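A.B. asks:
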Amino acid sequence: MDWLLDPSVSTFGPDIDRIYYIILVITGAVFFGTELLLVYFLFRYRHREGQRAEYIHGSTKAEVIWTAVPFVIVVVLAFMSAPVWNRIKNPEVFPADSYEVMLTARQFEWETRYAGADGQFETADDFTLLNRMNVPVDRPILIHLASEDVIHSFFVYDFRLKQDAVPGMVIPIWFEAIQTGEYTLGCAELCGTGHSTMDGIVAVQPQAEFEAWEATQVAARQAVLGGVLASLDIGAEAGNGAVTSGLAEGAATPMHEHGDF
Amino acid sequence: MSHVATKTDYDLLPFAGEHHEELSFVRKYIFSTDHKTIGKQFLFMSLLFLLLGGTLATVMRWQLGFPGTPLPVDILPETMAPGGIILPEFYNSLVTMHGTFMIFFAIMPLLVGVFGNLLIPLQIGAADMAFPKLNMFSFWLAVPAGFIMLASFFVEGGAAGAGWTSYAPLSTSGEFTGVYLGQQLWLISLFLLGFSSITGAVNYITTIINLRAPGLTWFRLPLTVWALFITAILVLLAMPILAGGLIMLLTDQTLGTTFFKPELGGEPLLWQHLFWYFGHPEVYILILPAMGIVSEVIANGARKPVFGYHSMVFAIAAIALLSWIVWGHHMFMSGMNPRLGMTFMFTTIVIAVPSAIKVFNWLGTLWKGNIHFTTPFLHSVAFVALFIIGGLSGVFMASTPVDIPIHDTYFIVAHIHYVLFGGSLFAIFSGITYWYPKLFGTLMNETWGKIHFIGTFIAYNLAFFPMHGIGLQGMMRRLYDPTLYAYLQPLQPWNVFISYSVFVLFAFQFIFAANFLLSIWKGKKAGPNPWRANSIEWSAPSPPPHGNFERMPVVYRGPYEYSVPGAREDFILQTDPPDSSVAPHHTSASTSH
Ligand code: HEM
Ligand SMILES: [Cu+2]
Ligand SMILES: [Cu+2]
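Protein chains in written order, with our numbering: chain A, 336 to 596; chain B, 257 to 849.
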C-alpha cells in the first residue's frame, strides 16, 4: 500500500505531486486526529456501573471553530490548485512554439499523426504511427486529441496527464517530458469490449534522435507520394504500408479520412 | 376519538385505536397500503438486490485477482463465461450491473424506500403516510423495474455494458458494445424506478409537512426525519432530470434522434451534464438518510443528546443545496471548458465543510457520553470512522490538478466504496438492527450481530483501503484485465489480496442474512422500547399495529433528551407528559419496563 506517487517525468508533474503531498499531509493529520479521538472517546466514555452521560447539547463556539477552520483550509487548497490546473489545462496559456501532433482514438487503438513536410495536418504528406507516439524531450508537445467513435481517455501516468478524447471535439492538451524513455499510454475511460487492451507507448527521444527519425519519416512519405503522383492517384491506399518508422512498436498505418475536424 | 390537531388528513388515516376493517391476505401482505408493510416489502426486495450486486462483485474480483482463470464454479452460459472464463463483454456488463443494482436497487431503496416508509409515519406520530395508495403504487413500480433490469442479463447481447453512468455515445448504439436490447431495458427499468422514487418523495414530503403529531415542531424532529425530508426534496428534483436524459438516450437508440450522437450534430457531453446534474444530488440521496440514522443511533448508544442538533440540520441543508452546483467535478477530464472545472473545484471543495461539521458533531456526541456498545451503535461508529476516509479522499479529487492522475482510477473506486459501503451500507446495517423490533417485534441476535460487524469491518477495510494505493499507482477503473498493462503488473499481488478480502467480506454477509431471517421467528421479544430511546416510535408496540398508535400521540420535547439531570431514567420519551418523568418520585410513563 503505497501513498507515494511514482516519480513524474513532465514539467508540471512536480506541481501536481506537490499539491498531492500537501493534501496528503493535511488529510493525514485530520485522519489520525479524528480517528484517534474517536477511539479514545469510545474507550474513555465506555459505560461503567453507575455512570451517567453529561447532558450537553452542543457549543456554538465549537461549531464556529470547526466550520471556519476546515473552510479556510479547503479554500486555501483550492487557491493553491487553481493556478496549476490553469497552467496544465487552459489552452490560452499553453506554451508557445510547441511541437504539434494529432492523436486520434478509436476502438481500440491510438493513431498519432505528424504534419509531415508541409507542417500542415490533414494533407497528403502526413504520416502516422499506431499505438505509439514519438516526441522529443525538453520540448512542449501540443496534442490535438480526437476520437472517432466513443469517448476514450488519454492517460499517461508518468506525465500526470489525462484527458478524455470526445467524438466531435478536438481537445488541445500539452506536456513537456523532462526525461527520455518509453512511457505507457493507457485508456482511462470505459470504451467497450477492448478497453483494457487499448494501450500504447509514448517514446520520449533525445532531440537529435527525434529529428533524425522525423526526417526519415518525412522523406519516406515524400518518396511514396512521388511514386503515387505518377499514377495520378493520391488515394488512401497509396500510403498503405509505405511508411515504416523502423521502430519496433511503431508500425505505420494507412491514411485515414477525418470528417469532423 | 378526539382530534387535537386541525389537520384534516388525520380524519382519513385512522389510528390503531379506531375502527379498522379486517383485511384480506392480499390487501394485508401484497397490495398493502400500510407503510410498515411497504417498508418490509422494500426491505426484502432491496436485500435480495444487495445480495445479487455483491455476487456480481465477487465474480468481478475473481477476474481481477485471477485474470483468465476459469471460475471455480462453471455455471454461467457460453455468452458470459465459456469454460468458466469471463468474457470482456460480460465483464463490462458485470461492472455496469453491479453499480446499477447497488446504487438504484439496493442502497437507494434501502435508505429511502425502507427507512423512509418505516420511520416517517412512526417518528412523526402519524397513522400512515399521507397518500397510502400512492405509497403502494411506488413499491409496485419498483418491482417491474427490478425484473426488467434482471431480465436484461438474459436477452441477446446481454445486459448493459457502458457503466452505471452509461456515457454516450458508447451507450447510444449497440455497434459500440454489442449490447442492444440490454441497454434499452436498462433505460426503461431506471425510468420506472425513477418514477417510483418520485411518487415516494411526494408522499414523504407531504406526510412530514402535514401529519406531524401535535407538539412535534420542526426542531423537535429526529434527524432521521430531517434527513429523509431533505432527501425526498432532492429525489423530487433530481429524478426528473435523470428521466429526461434516459428518454433522450432511449430515443437516440430507437427513434433515430441524435441528442448525443456527434456525427449527426449531437453532443456527448450533454449526457454527462444531465447525468451528473442528477448524479451528484443522487450521491447525497445515498448518504443523507444514512447520516440521519447514524445521528440517531450514536446519541442512543452514548446516552447523550446529539451534539449541535441545529448545526446538524443546517449541515444537511447545506449539503443538499451545494449538491446542485458541484456536478461538474465528475467531468474535470471530460473536455468541458477548463475554467468551468476551476469553478466546480471551489464549490466541490466547500462541500467538505458541512461534511466535516457532521463528523465533529458525532465526535462531540460521544464526548462525555456513557457508551453502550450495541450492534447498531458499532455499525454507526464504523460509519463515522469510514466516512472520514471517504470525505478526505474527496478532497484529493476535488483539487482539479490532483484529480488529473487519479480520475477514473481505483482511487475513485476506493472513494465510492468508502462513502457508499463504509458509509451508507454500515448505516443500513445499523438501522436494520436498531429498528428491527418495529419491523418484526423481535431483536436480532447481538452476538451474531457483533461477529458479523467485526468480520465485515476488517474484511471491508482490507478490501477497499489498498484500492487507494493501486489507484495512486495508476490502475484504471473498469479494467477487464489489469495485467495487460506492463506497468500495472507489479500491482497484481494487491489485486489478489483485495480479491481474497472481498471473498471473506462476502462470506460474512451470510451471517447477517441468517441472523436477519432467523430472528424474525427466533429473536427475543423486543417490547416497545428495547434501546431505551426517546423518539415517538418507541412509544408504540413492537411491531406497531395497523394505524401505529392507540390514539394520536402528543409531543412535549425533542428526540434526544438523554441523561437529563434529575430524571429518573437516562431517557425520556417525546410523548411523556412533562411532569411525569423529571421528578424522581413520579411514575415514569415510559413503556420500557
Ligand atoms: C467531502 C465530501 C466529498 C467530496 C469533496 C467528493 C468529491 C468527489 C469528486 C471530486 C468526485 C469525482 C472524482 C473523479 O471522478 O475524478 C467524486 C466521485 C464520487 N463520489 Fe464523492 N465526494 C464527497 C463525498 C461523497 C459522498 C458522501 C458520496 C456518496 C455517498 C460520494 C459519492 C461519489 C461517487 C459515487 C463518485 C463516483 C461516481 C462515478 O464516477 O462513478 N462522494 N467525489
Ligand atoms: Cu478505453
Ligand atoms: Cu459528485
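All residues carry an ideal CB built from backbone N, CA and C; glycine is no exception.
All values reported here derive from a predicted model rather than from experimental measurement.
Starting from the C-beta of B:F287, find all residues in its chain whose C-beta is less than 7 angstroms away, skip the five residues before and the five after it, and write them out in chain order.
C.D. replies: Within the same chain, B:F287 has close Cβ partners M392.
A.B. asks: In whole angstroms, give me the CA-to-CA distance for B:A571 and B:G564.
C.D. replies: Straight-line Cα distance between these residues: approximately 10 angstroms.
A.B. asks: Go ahead and label B:S427 buried or exposed: buried means 16 or more other beta carbons lie within 10 angstroms of its beta carbon, across all protein chains shown.
C.D. replies: So B:S427 ends up on the buried side.
A.B. asks: Indicate whether at least one CB of chain A lies closer than 7 angstroms to the CB of B:I613.
C.D. replies: Taking Cβ atoms only, chain A reaches closer than 7 angstroms to B:I613, which makes this a yes.
A.B. asks: Under 7 angstroms, do A:A523 and A:S482 count as touching if we go by C-beta distance?
C.D. replies: No. Outside cutoff.
A.B. asks: May I ask which residues mark the beginning and end of the beta strand (DSSP E) holding A:L438?
C.D. replies: That run of the beta strand (DSSP E) goes 434-441.
A.B. asks: Skipping 5 residues on each side, what residues in its chain have a beta carbon closer than 6 angstroms to that of B:N348?
C.D. replies: Closer than 6 angstroms at the Cβ level, and outside the excluded window around B:N348, lie G417.
A.B. asks: Hey, is B:H663 close to ligand 2, as in C-beta under 6 angstroms from one of its heavy atoms?
C.D. replies: Because no heavy atom of ligand 2 lies under 6 angstroms away, the Cβ of B:H663 does not count as near it: no.
A.B. asks: Which partner residues of A:A481 appear in the DSSP bridge assignment?
C.D. replies: Bridge partners of A:A481: A:T439.
A.B. asks: Please report how far the alpha carbon of B:E538 lies from the alpha carbon of B:V569, in whole angstroms.
C.D. replies: Whole-angstrom Cα-Cα distance: 19 angstroms.
A.B. asks: Listed in chain order, which residues of the stretch 382-396 of chain A have Cβ atoms closer than 7 angstroms to some Cβ of chain B?
C.D. replies: Flagged, chain order: H382, Q386, R387, A388, E389, Y390, I391, H392, G393.
A.B. asks: Output needed for B:L676: all residues of its chain with C-beta closer than 7 angstroms, excluding positions within five of it in sequence on either side, in chain order.
C.D. replies: Hits under 7 angstroms: I363, L542.
A.B. asks: Provide the residue span of the alpha helix (DSSP H) that contains A:H487, from first to last.
C.D. replies: Premise fails: A:H487 lies in the beta strand (DSSP E), 487-491, not in any alpha helix (DSSP H).
A.B. asks: Look at B:V411 and B:L437 and say whether their C-beta atoms are less than 7 angstroms apart.
C.D. replies: Taking 7 angstroms as the Cβ cut-off, B:V411 and B:L437 qualify as a contacting pair.
A.B. asks: Note down the Cα distance separating A:L340 from A:E427, rounded to an integer number of angstroms.
C.D. replies: Each residue's alpha carbon lies about 29 angstroms from the other.
A.B. asks: Using a Cβ-Cβ cut-off of less than 7 angstroms, list which residues of the stretch 492-512 of chain A approach chain B; keep chain order.
C.D. replies: Of all residues in the stretch 492-512 of chain A, Y492, R495, L496, K497, Q498, D499, V501, P502, G503, M504, I506 have a Cβ within less than 7 angstroms of some Cβ in chain B.
A.B. asks: Under the DSSP definition of a beta bridge, which residues are partnered with A:P502?
C.D. replies: DSSP output for A:P502 lists A:S482 as bridge partner(s).
A.B. asks: Report the option in B:E274, B:I331, B:A386, B:V481 whose CA atom is closest to the CA atom of B:L375.
C.D. replies: Comparing Cα-Cα distances from B:L375 to each of B:E274, B:I331, B:A386, B:V481, the minimum goes to B:V481.
A.B. asks: Taking 7 angstroms as the CB-CB limit, is B:E345 close to chain A?
C.D. replies: Taking Cβ atoms only, chain A reaches closer than 7 angstroms to B:E345, which makes this a yes.
A.B. asks: Rank B:Q729, B:V811, B:E431 by C-alpha distance to the C-alpha of B:W750 and give the top, closest one.
C.D. replies: Of the listed residues, the one whose Cα sits closest to B:W750 is B:Q729.
A.B. asks: Does the structure place the stretch 530-543 of chain A close enough to the stretch 733-749 of chain B that three or more beta carbon pairs sit under 8 angstroms?
C.D. replies: Counting Cβ pairs under 8 angstroms, three or more are found: they touch.
A.B. asks: Can you confirm whether A:G454, when its beta carbon is compared against all beta carbons of chain B, has any partner nearer than 7 angstroms?
C.D. replies: A:G454 does not count as touching chain B.
A.B. asks: Chain A partners of B:L622, CB-CB under 8 angstroms?
C.D. replies: By Cβ distance, chain A contributes L373, F376, L377, Y380.
A.B. asks: Restricting to Cα atoms, I'd like to know which of B:K517, B:M808, B:G501, B:L578 is closest to B:H536.
C.D. replies: Per the Cα distances, B:L578.
A.B. asks: Please state whether DSSP places B:A558 in a helix, a strand or coil.
C.D. replies: Three-state result, B:A558: helix.
A.B. asks: I believe B:P524 touches A:V501 by the beta-carbon criterion, under 8 angstroms. Please report the beta-carbon distance rounded to the nearest angstrom.
C.D. replies: Right, their Cβ atoms sit about 6 angstroms apart.
A.B. asks: Mind listing, in chain order, the continuous alpha helix (DSSP H) runs of no fewer than 4 residues lying wholly within the stretch 400-453 of chain B?
C.D. replies: Qualifying alpha helix (DSSP H) stretches, in chain order: 430-433.
A.B. asks: Considering only residues of the same chain and omitting the five flanking positions on each side of A:I569, which have a CB-CB separation below 8 angstroms?
C.D. replies: Any reading at A:I569 needs caution, since the residue's pLDDT is 47, under 50, leaving its predicted position unreliable; the model's value is listed next. Once the five neighbours on either side are set aside, the close Cβ partners of A:I569 are A459, L560, V563.
A.B. asks: Return the residue from the list B:A313, B:P270, B:A612, B:G625 that minimises the CA-CA distance to B:F759.
C.D. replies: Looking at the Cα atoms, B:A313 is the closest of the given residues.
A.B. asks: Can you list the residues of chain B that A:N421 reaches, using a CB-CB cut of under 8 angstroms?
C.D. replies: Those within 8 angstroms of A:N421 in chain B are P594, M598.
A.B. asks: Is B:M732 helix, strand or coil when you go by DSSP?
C.D. replies: If DSSP states are grouped into helix, strand and coil, B:M732 belongs with the strands.
A.B. asks: Kindly say whether A:G527, judged by its beta-carbon, lies nearer than 7 angstroms to any beta-carbon of chain B.
C.D. replies: Yes, contact with chain B.
A.B. asks: Just checking B:H536 against ligand 3 - is the residue's beta carbon closer than 6 angstroms to any of the ligand's heavy atoms?
C.D. replies: B:H536: yes, Cβ under 6 angstroms from ligand 3.
A.B. asks: Report the partner residues of A:W445 according to the DSSP bridge assignment.
C.D. replies: For A:W445, which the question treats as bridged, DSSP gives the partners A:A440.
A.B. asks: In this structure, does DSSP put B:I461 in helix, strand or coil?
C.D. replies: DSSP places B:I461 in helix when its eight states are reduced to three.
A.B. asks: Can you determine whether any heavy atom of ligand 2 sits closer than 6 angstroms to the C-beta of A:M437, and answer yes or no?
C.D. replies: No, ligand 2 has no heavy atom inside 6 angstroms of this Cβ.
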